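Novice: Have a look at the structure that comes next, please.
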Amino acid sequence: MSISNDLRARAETLGQSLPALLAEAEHLAATLMLGEHGRRRAGQGDEFWQYRPAHQGDAARSIDWRRSARSDAHFVREREWQAAQSVTLWVDAARSMAFSGDKDRAPKLDRARLLALALSVLLLRGGERVGLSGTAPKPGRAQIMSLLEGLSSNNPDDYGTPEISGMVSHGRAVFLSDFLGNLEPLETALTLAADRGVRGVLLQVLDPAEEDFPYQGRTVFESMQGSLRHETQSAGDLRTRYLDRLAERKARLTTLARAMGWHYHCLHTGQSAQTALLWAYTALEGGR
Amino acid sequence: MLAFTTPWLLWGLIAIPILWLLLRAIPPAPIRRRFPAVALLLGLSDEDRQADKTPWWLLLLRALAVAAAIIGFAGPILNPENRAPGSGPLLIVLDAGWADASDWPRRMDKASTLLAEAGRAGRTVAVIRLTDLPQPVEFQNADAWAGRLAAMEPQPFAPQGYEDWAKILPADSFDSYWLSDGLDHPGRDTLLKTLQSKGNLTAFLSPRPVFALRPAVFEDGKISLTAARLPGDAADLDVIARGPDPSGIDRELARAPLHFDANAPEAKTTLDLPPELRNRVNRFELLGQRSAGAVSLTDDSLKRRKIAVIGGTPDREGLPLLQSTYYLRQALTPVADLVEGGLSDIIPANPDVIILADVAKLTPVESDALLEWINKGGLLLRFAGPRLAASELSRAEEDPLMPVRLREGGRSVGGAMSWGEPKTLAPFPENSPFHGLAIPVDVTVSEQVLAQPDPDLATRTIAALTDGTPLVTRKENGAGQVVLVHVTANAEWSSLPLSGLFVQMLERLAVSTKPAQPDAQDLAGLTWVPQKIMDGYGVERDAGEIAGVPGEVLAKAMATGPGPNLPAGLYASTDRKVALNVIAAKTEITPAIWPAGTAIEGIETVKAQALKGILLTAAMIMLALDILAALWVSGRIGGLARTTAVLLATLLPHDARAQTPDDIKAIEATRGVVLAYVQTGDATMDQISEAGMRGLSDQLWLRTAVEPEAPMGIDLEKDDLAFYPFLYWPITPNQPLPSTTAYAKLNRFLRTGGMIMFDTRDGDIAGYSGDSTPEGQTLQLIAAGLDIPPLEPMPKDHVLTRSFYLLQDFPGRYAGGAVWVEASDPTAEQTEGMPFRNLNDGVTPVIIGSADWASAWATDPDGVPMFPVGRGYAGEDQREISYRFGINVIMHVLTGNYKSDQVHVPALLERLGE
């Protein structure tokens, strides 16, 4: 009884939040499709790409008889995205991603989920297989719903660790996190991924407050779960040194990404999500 | 002086050092912040370890706040009243005479302070004014007196009833406060002793000097003014003479400095005024002394009449005593200005009185001029004599220049050739102006001319002999009168000219002016009606319905000063006026002497001021500051500094290029043509003007190429006029006059081609005369300072009649009023073949009218007329014409004499064709 109640409550929560998220992601994806890739969708959503003369080894089934009947040769209707890529998404759902420096700003996690979902929508529409880390990538619009469900889970830890299980060899991977925790697990994960020939994108999602450090006075800083703690008498004095450290971390992430053949990008929740989405999509495309 | 209501609370101040230590030990609590990037902070150390202590200035602020609170609760009082509180009833005595008036508010303050103090002590109080008539004193609650005290005013006379008050004071003992005027008044000792016998007496004295002005005296052709005071330091004052100017407005006519030497009780100055000015003086006053004692009203004694004396007989050399006018000249020279010359020369000089002594024959021209002069208010005084008796003048028919018909010959009694005794005068009847004059027994009449018995004779007789024959007869004629004395002006026929009665009679006839102070006999027998009375501050007002007083009472008051029943002021009887001043020529001003042992205090009121509220407020403010400061120290309002900086930046003038409101208005005004109107300060009027200009702007937009922007109101004092071609100026009666700078701006505006359209808006009542309404008068006042050229009513061929529409009427809401514009060049003539004169080189700088144009033009924002014009369709026609006139005006303003030049177009075209 209680389990089913709990389930129902969760389902309802999900049902309330997800369509909104989905709609937003679809909207975001639609703007991008129109802007960058509109030409590919000509012909009422047909997946037709081109006709080519049939080679040896083409299955008889693949011959387009209607086209072939108009000439002497046989033609095969070739479709776009014949060989779909597998893209694995890892969205850091740790507590640190729940931070927002301003009550009017959405937490970092929201932005990360939105980006991930929008990217998924884009990729799925393009015929790719998309999956969350830990699950197998699957194509089709139906996959969106399972992605949604997977995205809504939370990690009670302070900082998340990337998962590489479920990554398909020579596939693509997208890591969305603030990368503020220990970088060791990330390095390991990236090394493993590189070993498998997986290339991809590191998207660092930061809150403007984390970029700015707009704090003054006597302050105790705590991590979201309280595992880390730092007390200062004058927070303002720490600012420059903090910013140095942040720049250093970004530089390290960039180097790391470049070494593994990945792309690194830092985005802020204060900025538009579209830029980041465009960048991520191009980065995935260019890496192909 | 500082006192505390609960001084023991001040011990709490000891706690402040402890507080200091405590506060110093406890640093402000840190803020806890969730911050994921804390990982990056780990290991960063603080540069400044001192910050965990409370900053010294914050400590100081808190200590001060606590100290202020402690002191505040201890109840400090600044300037506490330290007079020993008495008990029992309290009598507050005010002199409330003229000498109190100059610092009456301070006395009131002191009295109310004393009253409030007594109220706090629970004492019953009574307040008495010694200038009031004595009445029983009732001790009442202090609150009951507070309202009555506020209504008390100083009286325009000195306290007189000290002894009566002393008698009527209650028998029980009471304390008294005496707010003295510092002068000694009769009976003061008695009152002082009585008050001292009842209880403690405290006297309050004002340090302000008391000045008094004595009546002006005419000496050696100059006005001599004397001021008195209580001896003191050297002082300089000004005496000013006030009176109506030729237009009837009361203003300062002359001014003389008055210097008191140190310790001198009196100072004297003289004023030399021409007779015309002197006769206008109403009152003298000491400048800056607001008291009835510093004001001296003038009466007839200063007015010197112009009298022409014309004798019938040529002067017989060497026999001055026999001259017909000798006694008249003797009587009149000291008190009047005599005019010499022939009758035809004298009448244009407009004397007040013309005396004809035994003149029988006048030329018709002279008699007509004389009659006209009498009708305008002149007094013709004729004396009989042998020539008159022998002439045929006024025999059969009454001559207009004679009050009665005369019987032939006259009569002679008591002479060598006649029977009987010389006649004496009968007592003057009550309706006679001479009523009340004592008749000396030795005045006899031996010869006289006799009046014909006529129905009017009895009423015209104002003095008669004991046998009833008229001696003086009088007749009203127009505004003036003709008086005939039936005897000669010299001692030939009677001994009257030798007596003092003769002078008094001349005086009563208002022929001569009274020499100085009228004596009791002068005033006796007449009823004197107050015309103007003064209040305690020396301000005159109309006496209204106050009953007249007998001359005897007035004469007594002249000696002793005015009293409660006889206020100071100007009293009149028939033609004569007598001023009853607070200070008479002999009124003594002596300082009040207080016996040793009397408690004397100053009258300065220093209000006890409780500081509790101020201190507690200060403590609260400091605590509030402490909150902000603590927040700031602990970084909780990091953004505050920035917000404040931004706020300050927006508030402070930060950039020289920033646009001031003036600049914005200038930019708006130069966006296009803007019709401007002068803001009168009357909100309704300004609204109408705005609506009028809007209506006219709309019509201009619809019908012409002029496309005005929204109209603007102009504040003459602030705004620059250079941007506006046209200014509509409605006149309201209570409009303030522009300042000098505003006038300068307006004149520059007019000189540089601007036009002002003055509208008195009274076309419904004013008609053609300009100044018959308040608006017209205001316009005259305003326009006096403007550089306006000569004006004329708009001629039929003025360019305004054809600058856009062809017009002959210029109605606004009212039709038919005259419209005045700059006068055209008088040399302009109509050229042959031209319909108009070549006029109006330039724009008329002003248009003055009364048609209330703005109301006719006014539309609301929807374009609907706001005010009805005329009736029905005719009214709408009038509105249309009014709009057309407005358009013509604007066209004239903008194009000048262009339409006038158009007259030459045919000629120009013809020349071009050649």
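The listed protein sequences derive, respectively, from chains A and B.
Each residue of the first sequence is one higher than the one before, counting from 27 in our numbering.
Each residue of the second sequence is one higher than the one before, counting from 3 in our numbering.
Quick reminder that beta carbons are idealized off the backbone N, C-alpha and C, glycines included.
Quick caveat: nothing in here was measured; it's all calculated off a predicted structure.
What does Ala632 of chain B touch in chain A if you count any residue whose Cβ is under 7 Å from its own?
Specialist: Position 630 of the second sequence, counting from 1, holds the residue named residue 632 of chain B. The premise fails here: Ala632 of chain B is roughly 10 Å from chain A at the closest Cβ pair, so nothing lies under 7 Å.
Novice: Please determine, among B:Val415, B:Gly527, B:Arg510, B:Ala685, the residue with the shortest C-alpha to C-alpha distance to Asp469 of chain B.
Specialist: Position 467 of the second sequence, counting from 1, holds the residue named residue 469 of chain B. Comparing Cα positions, the closest option is B:Val415.
Novice: Comparing alpha-carbon positions, which option in A:Glu210, A:Leu202, A:Ala219, A:Ser94 lies nearest Ala119 of chain A?
Specialist: Indexing the first sequence from 1 puts residue 119 of chain A at position 93. Ranking A:Glu210, A:Leu202, A:Ala219, A:Ser94 by Cα distance to Ala119 of chain A puts A:Leu202 first.
Novice: Under the three-state reduction of DSSP, which class applies to Leu140 of chain A: helix, strand or coil?
Specialist: Locating residue 140 of chain A in the first sequence gives position 114, counting from the first residue. The answer is helix: DSSP assigns Leu140 of chain A an H, G or I state.
Novice: When burial is assigned at 16 or more other CB atoms within 10 Å of the CB, is Val484 of chain B buried or exposed?
Specialist: For this step, residue 484 of chain B is matched to residue 482 along the second sequence. Buried is the call here.
Novice: Going by DSSP, name the residue or residues bridged to His894 of chain B.
Specialist: Mapped onto the second sequence, residue 894 of chain B falls at position 892. According to DSSP, which records beta bridges pairwise, His894 of chain B is partnered with nothing at all.
Novice: Should Arg64 of chain B be flagged as near chain A, meaning a C-beta pair shorter than 8 Å?
Specialist: For the purposes of this step, residue 64 of chain B is taken as the residue at position 62 of the second sequence. Chain A, which has no Cβ nearer than 8 Å to the Cβ of Arg64 of chain B, makes this no.
Novice: I want to see whether chain A comes within less than 8 Å of Asp657 of chain B, judged by CB atoms only; does it?
Specialist: Counting from 1 along the second sequence, the entry for residue 657 of chain B is found at position 655. At Asp657 of chain B the pLDDT is 48, less than 50, meaning the model places this residue with poor confidence and gives no usable figure here.
Novice: Go ahead and pull the three-state DSSP assignment for Ile29 of chain A.
Specialist: Start at 1 with the first residue of the first sequence, and residue 29 of chain A comes out as number 3. Per-residue confidence for Ile29 of chain A stands at a pLDDT of 44, beneath the threshold of 50, marking its modelled position as unreliable; the derived number appears in the next sentence. Helix, per DSSP.
Novice: For Leu528 of chain B and Arg109 of chain B, what's the separation of their Cα atoms in angstroms?
Specialist: For the purposes of this step, residue 528 of chain B is taken as residue 526 along the second sequence, with counting starting at 1. For the purposes of this step, residue 109 of chain B is taken as residue 107 along the second sequence, with counting starting at 1. Looking at the two C-alpha atoms, the distance is approximately 40 Å.
Novice: Would you call the region 697-713 of chain B in contact with the region 741-761 of chain B, where contact means no fewer than 3 C-beta pairs closer than 8 Å?
Specialist: No, because fewer than three Cβ pairs between the region 697-713 of chain B and the region 741-761 of chain B fall closer than 8 Å, the two stretches do not touch.
Novice: To the nearest angstrom, how far is it from the Cα of Gly787 of chain B to the Cα of Thr861 of chain B?
Specialist: Locating residue 787 of chain B in the second sequence gives position 785, counting from the first residue. Locating residue 861 of chain B in the second sequence gives position 859, counting from the first residue. Their backbone Cα atoms lie some 33 Å apart in a straight line.
Novice: Can you give the beta carbon distance from Pro402 of chain B to Leu373 of chain B, rounded, assuming they're within the 8 Å contact cut?
Specialist: Walking along the second sequence from the start, residue 402 of chain B turns up at place 400. Walking along the second sequence from the start, residue 373 of chain B turns up at place 371. So it is a contact: roughly 6 Å between Cβ atoms.
Novice: Under 9 Å between beta-carbons, which chain A residues line up against Val944 of chain B? List them in chain order, please.
Specialist: Missing from the structure shown is residue 944 of chain B; chain B here goes from 3 to 916 and no further.
Novice: When you check each C-beta in the region 254-275 of chain A against every C-beta of chain B, which residues fall closer than 8 Å?
Specialist: So the close ones are Leu254, Arg255, His256, Glu257, Thr258, Gln259, Ser260, Ala261, Gly262, Asp263, Leu264, Arg267, Tyr268, Arg271, Leu272, Arg275.
Novice: Who are the near neighbours of His196 of chain A in its chain, counting only those whose CB is closer than 8 Å to its CB and skipping five residues on each side?
Specialist: Position 170 of the first sequence, counted from the start, is the residue given in the question as residue 196 of chain A. These residues qualify, in order along the chain: Arg222, Gly223, Val224.
Novice: Using 8 Å for Cβ pairs, my map puts Asp766 of chain B next to Thr734 of chain B. What's the rounded Cβ distance?
Specialist: Here the question's residue 766 of chain B lines up with position 764 in the second sequence. Here the question's residue 734 of chain B lines up with position 732 in the second sequence. Not confirmed; about 15 Å, so no contact.
Novice: State yes or no: is the beta carbon of Leu228 of chain A nearer than 8 Å to at least one beta carbon in chain B?
Specialist: Translated into positions along the first sequence, residue 228 of chain A becomes position 202. Answer no: the Cβ-Cβ gap between Leu228 of chain A and chain B never drops below 8 Å.
Novice: Only counting runs of 3 or more residues, tell me where the beta strand (DSSP E) segments fall wholly within the region 216-282 of chain A, in order along the chain.
Specialist: Listed in chain order, the complete beta strand (DSSP E) runs (minimum 3 residues) inside the region 216-282 of chain A are 225-232, 245-248, 255-258.
Novice: Thinking just about the alpha-carbon of each residue, which of B:Leu340, B:Gly295, B:Ile251, B:Ala237 is nearest to the one in Pro277 of chain B?
Specialist: Taking the second sequence and counting its residues from 1, one reaches residue 277 of chain B at position 275. Closest option to Pro277 of chain B, Cα to Cα, is B:Leu340.
Novice: For Lys516 of chain B, does the three-state DSSP call read helix, strand or coil?
Specialist: Position 514 of the second sequence, counted from the start, is the residue given in the question as residue 516 of chain B. Low confidence applies to Lys516 of chain B: its pLDDT is 49, below 50, so where it sits in the model is not reliable enough to give any reading.
Novice: Spatial neighbours of Val575 of chain B within its chain, please: CB distance less than 6 Å, with the 5 preceding and 5 following residues excluded, ordered by chain position.
Specialist: Here residue 575 of chain B refers to the residue found at position 573 when the second sequence is read from its first residue. The residue asked about is misnamed: residue 575 of chain B is Ser in this sequence, not Val. Cβ within range, chain order: Leu528, Trp530.
Novice: Who are the near neighbours of Gly877 of chain B in its chain, counting only those whose CB is closer than 8 Å to its CB and skipping five residues on each side?
Specialist: Position 875 of the second sequence, counting from 1, holds the residue named residue 877 of chain B. Answer for Gly877 of chain B: Pro870, Val871, listed in chain order.
Novice: Looking at the strands, I want to know which residues DSSP matches up with Val823 of chain B.
Specialist: In the second sequence, the residue the question calls residue 823 of chain B occupies position 821. Beta-bridge pairing links Val823 of chain B to B:Glu794.
Novice: Can you find a CB in chain B that lies within less than 8 Å of the CB of Ser122 of chain A?
Specialist: Translated into positions along the first sequence, residue 122 of chain A becomes position 96. At least one chain B Cβ lies under 8 Å of Ser122 of chain A.
Novice: Can you name, in chain order, every residue of its own chain whose Cβ lies under 6 Å from the Cβ of Thr846 of chain B, other than the five neighbours on each side?
Specialist: Numbered from 1 along the second sequence, position 844 holds the residue referred to as residue 846 of chain B. Closer than 6 Å at Cβ, skipping near neighbours: Val823, Glu824.
Novice: Can you name the residues that DSSP bridges to Glu287 of chain B?
Specialist: Translated into positions along the second sequence, residue 287 of chain B becomes position 285. Beta-bridge pairing links Glu287 of chain B to B:Ile242, B:Val297.
Novice: Listing by chain order, which chain B residues have their CB less than 7 Å from the CB of Asp204 of chain A?
Specialist: For the purposes of this step, residue 204 of chain A is identified with residue 178 of the first sequence, where counting begins at 1. The answer, in chain order, is Pro38.
Novice: Which residues in chain A sit within 7 Å of Asp48 of chain B, going by Cβ to Cβ distance?
Specialist: Within the second sequence, numbered from 1, the residue matching residue 48 of chain B stands at position 46. Neighbours of Asp48 of chain B on chain A, chain order: Thr258, Gln259, Ser260, Asp263.
Novice: Residues of chain A with a CB under 9 Å from the CB of Pro32 of chain B: which are they?
Specialist: For the purposes of this step, residue 32 of chain B is taken as residue 30 along the second sequence, with counting starting at 1. Gly243, Arg244, Thr245, Val246, Glu257, Thr258, Gln259, listed in chain order.
Novice: Beta strand (DSSP E) containing Thr780 of chain B: first to last residue?
Specialist: Locating residue 780 of chain B in the second sequence gives position 778, where the first residue counts as 1. From DSSP, Thr780 of chain B is part of no beta strand (DSSP E) but of the alpha helix (DSSP H) over 776-786.
Novice: Apart from the five residues on each side of it in sequence, which residues of its chain come closer than 6 Å, Cβ to Cβ, to Leu197 of chain B?
Specialist: In the second sequence, the residue the question calls residue 197 of chain B occupies position 195. These residues qualify, in order along the chain: Ser178, Leu203.
Novice: Rounded to whole angstroms, what's the CA-CA distance from Ala310 of chain B to Phe760 of chain B? Just pull it up for me.
Specialist: Position 308 of the second sequence holds residue 310 of chain B. Position 758 of the second sequence holds residue 760 of chain B. Between Ala310 of chain B and Phe760 of chain B, the C-alpha separation is close to 50 Å.
Novice: Can you pull the chain A residues whose beta carbon is under 9 Å from the beta carbon of Arg35 of chain B, in chain order?
Specialist: For the purposes of this step, residue 35 of chain B is taken as the residue at position 33 of the second sequence. Ordered by position in chain A, the residues that pass the 9 Å Cβ test against Arg35 of chain B are Tyr241, Thr245, Val246, Phe247, Glu248, Ala261.
Novice: In chain order, what are the residue ranges of uninterrupted beta strand (DSSP E) at least 3 long that sit wholly in the region 436-510 of chain B?
Specialist: Whole beta strand (DSSP E) segments, 3+ residues: 463-466, 472-479, 482-487.
Novice: Assign Gln297 of chain A to one of two classes, buried (16 or more other C-beta atoms within 10 Å of its C-beta) or exposed (fewer than that).
Specialist: Here residue 297 of chain A refers to the residue found at position 271 of the first sequence. By the neighbour-count rule (16 or more Cβ atoms within 10 Å), Gln297 of chain A is not buried but exposed.
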